[in-house]
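Protein chains in written order, with the UniProt record's numbering: chain A, 1 to 330; chain B, 1 to 330. Glycine included, C-beta positions come from ideal geometry on N, C-alpha and C. Note that the structure is a prediction, hence the values are computed from the model and not measured. Structure first, commentary second.
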DNA sequence: GACCTCCCGGAAAGCGGTTTCCAAGTCTGC
DNA sequence: GCAGACTTGGAAACCGCTTTCCGGGAGGTC
């Protein structure tokens, strides 16, 4: 590959001068030399070696984002928000997907640390397992000790900047809205018990029902994805309203009902959580809690880059959106 | 940050020995020294500086993927396929999104070149503009001249390894299947004329109709996304069957019809292209052409990494999937 | 015109690793 | 017991770039 030295030689100047011309510096370079260097670089097709720059400057211009699954539109939206924010700062993005394996998440933090990325963003729910979370914390702390910056979208469990959606509150508000429509018998497709996001939404929902004096919902655990919702829906017994703790599960539930000839919302009402954009044309339109996913991603990056002391943006509000998948009870 | 020198000092060995123990080498290191080094590294929380390694080794372990829009499930699936393939090779991934700006694509290739990534993957349709494509070619050639590797998912227009879906053939087969159902009056929601993927699908469809002796379809251009499909559907006149050149446009069209009280498939049949997984629960279920997106992404990465001479995998076959959004004509 | 700044070009010292080359052991085989 | 072949540890060159430090010349002041 073409190096700076090649360019300097071709232009008949020193390395220092070539560097100052091509890669930004506070120092001025005279017009004639500057032109010669630029021409040489162009002729040779020079591209600065960023690994070398990073090493010399002691700072890189890339950030790392770790998500669970890029094909899940929830993560895609969050990641997209963060990537747009990164682009405006002139930063590049390395993306890692854990496929929901917490060990992978830890491994990625180590790898991104080794890459000396400017910041790492952990996107997605924490798990309840204290030991795993502890190891992740350690890995992050080690990275931060070396000057790294980190933020998380999810729960404030890592001791880093955090953007935390109001999962409990959003679910509670949804519960109240559904109760308002006259529902009293609920089921919750609750996802995996160890996933904090899922657990929070389930708990917020249940608690709100309790405060309203309504009976506790039937809680059905299962995977956090479309098929999990599909399977869990089969086990619902006697509820008039089903809350799936995220939208893709709700879509799975709707599919299960459709196949069995159960009409939504006539026979049963269904609600989800997140308000995934890709699902906006779903039939019936899904009642859900809208989260500003892109903003949250962007905000988290901002925090990671700018805050010295860990800042926690608690309870990013969701907005209940009532659509045709729920009906008013007679 | 902790450096290798710190570790070596702490362990009382030379830099060379520490390097050999920690960062893999053909050379053996005695058991006792090895243990001392490992203990020191662990105590200090050492993480190799990959920028330095990349510089010293002259080879990096990251690849770059450039997509148009991560929140579009089409790209998410392709990227996910490539990322899984990368992970099995122990490679890290940098992702760039162009937001459909071809200039951005060129800029990303330059940036990834500067990063000295092992390979770059360009995912998504080429544009018809010769000048833009030419500049992208130049940028890629320059990168490859320096030992970089590149591949593309889309059309074979860049002189690099390419995985090209059989857009024309898939659309043609779809046209024949729809004609088989008795349709004769077609419209095509054709997307932007300059997008090669869109144009190919439209052309393949039209040509097949022509070969069947059927009248040419009404062709309506517009954006390549959901809203483009929505808007284009409004302009359809007198067709019994509408082909949207991708699934998200088809979903937009379905939404437009639903709002206007036009029944699908009773009043009009609708088909898309791609078979996006997220849409599998859409109502009515979308007739489409299934493309093996994840495989294509993985395959492209494989080509980039292993092939010396540009290899073109032409015409990755799509499979027509007939679902309820189309009906047989009486 | 002497003296001081200021400006700009270049030499060279890093940045944190890898790897080549040596030297000093340690094993073999006879 | 000793030459020759392997091992293994360390010194130092090098990867490509940034930046500090120097020095020479131009411009300004009295």
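- Closer than 9 angstroms at the C-beta level to chain A, one finds these residues of the region 279-309 of chain B: 279, 280, 281, 282, 283, 284 and 294.
- Counting along the chain, residue 132 of chain B sits inside the alpha helix (DSSP H) bounded by residues 130-145.
- Around residue 153 of chain A, no beta-carbon contact reaches into chain B at under 7 angstroms, the shortest distance being about 16 angstroms.
- Across the UniProt domain "HTH lacI-type" (2-57) of chain A, CB contacts with chain B closer than 8 angstroms involve 2, 45, 47, 48, 49, 50, 51, 52, 54 and 55, in sequence order along the chain.
- Using a CB distance cut-off of 8 angstroms, residue 113 of chain B counts as an interface residue toward chain A.
- Neighbourhood of residue 110 of chain A in chain B, by CB distance below 7 angstroms: 47, in chain order.
- Put simply, the backbone Cα of residue 257 of chain B is about 36 angstroms away from that of residue 152 of chain B.
- Every beta strand (DSSP E) of 3 residues or more that sits fully in the region 158-241 of chain B is shown, in chain order, as 161-165, 186-191 and 218-221.
- Residue environment: residue 129 of chain A is assigned as exposed (fewer than 16 neighbouring CB atoms within 10 Å of its CB, all protein chains considered).
- Between the region 114-126 of chain B and the region 42-49 of chain A there are three or more C-beta pairs closer than 8 angstroms, enough to call the two in contact.
- Beta bridge pairing from DSSP links residue 319 of chain A with A:290.
- The region 250-266 of chain A and the region 304-317 of chain B do not touch, with fewer than 3 CB-CB distances between them shorter than 8 angstroms.
- From the beta-carbon of residue 60 of chain A, the residues of chain B found nearer than 9 angstroms are 51.
- Listed along chain A are 70, 95, 96 and 97, each with a C-beta nearer than 9 angstroms to that of residue 83 of chain B.
- Straight through space, the alpha carbons of residue 86 of chain B and residue 150 of chain B are spaced by roughly 14 angstroms.
- Within chain A, the residues placing a beta-carbon under 8 angstroms from that of residue 116 of chain B are 1, 49, 50 and 51, ordered along the chain.
- From the beta-carbon of residue 149 of chain A, no residue of chain B is found nearer than 8 angstroms; the closest lies around 13 angstroms away.
- Contact annotation: the region 178-192 of chain A does not touch the region 7-18 of chain B, with fewer than three C-beta pairs closer than 8 angstroms.
- Cα atoms of residue 325 of chain A and residue 176 of chain A: separation of roughly 16 angstroms, rounded to the nearest angstrom.
- Contact with chain A is found for residue 73 of chain B, since one of that chain's Cβ atoms lies less than 8 angstroms from the residue's Cβ.
- In this chain, residue 276 of chain A is not harboured by any alpha helix (DSSP H), its DSSP state being neither H nor E.
- Using a 10 angstroms sphere on the CB of residue 39 of chain B, the tally of other CB atoms stays under 16, which defines it as exposed.
- Within 8 angstroms of the CB of residue 213 of chain A, no CB atom of chain B is found; the nearest one sits about 35 angstroms away.
- Under the three-pair Cβ rule at 8 angstroms, the region 97-109 of chain B counts as touching the region 63-79 of chain B.
- A Cβ of chain B is located within less than 8 angstroms of the beta carbon of residue 254 of chain A.
- By DSSP's assignment, residue 154 of chain A forms no beta bridge with any residue.
- Closer than 7 angstroms at the C-beta level to chain B, one finds these residues of the region 221-252 of chain A: 251.
- One finds 45 in chain A with Cβ atoms closer than 7 angstroms to the Cβ of residue 142 of chain B, taken in chain order.
- Within chain B, 70, 71 and 76 have C-beta atoms less than 7 angstroms from the C-beta of residue 76 of chain A, given in sequence order.
- Residues of chain A whose Cβ lies closer than 9 angstroms to the Cβ of residue 79 of chain B are, in chain order, 70, 71 and 95.
- A:15 is the residue among A:44, A:45 and A:15 whose C-alpha sits nearest the C-alpha of residue 33 of chain A.
- Between the alpha carbons of residue 230 of chain A and residue 221 of chain A lies a distance of about 12 angstroms.
- Listed along chain A, the residues sitting closer than 9 angstroms to residue 146 of chain B by beta-carbon distance are 1, 2, 45 and 47.
- At least 8 angstroms separates the CB of residue 209 of chain B from every CB of chain A.
- Partner residues in a beta bridge of residue 299 of chain A, as assigned by DSSP, do not exist.
- Fully enclosed alpha helix (DSSP H) runs of no fewer than 4 residues occupy 4-11, 15-22, 31-44 and 50-57 of the UniProt domain "HTH lacI-type" (2-57) of chain A, in order along the chain.
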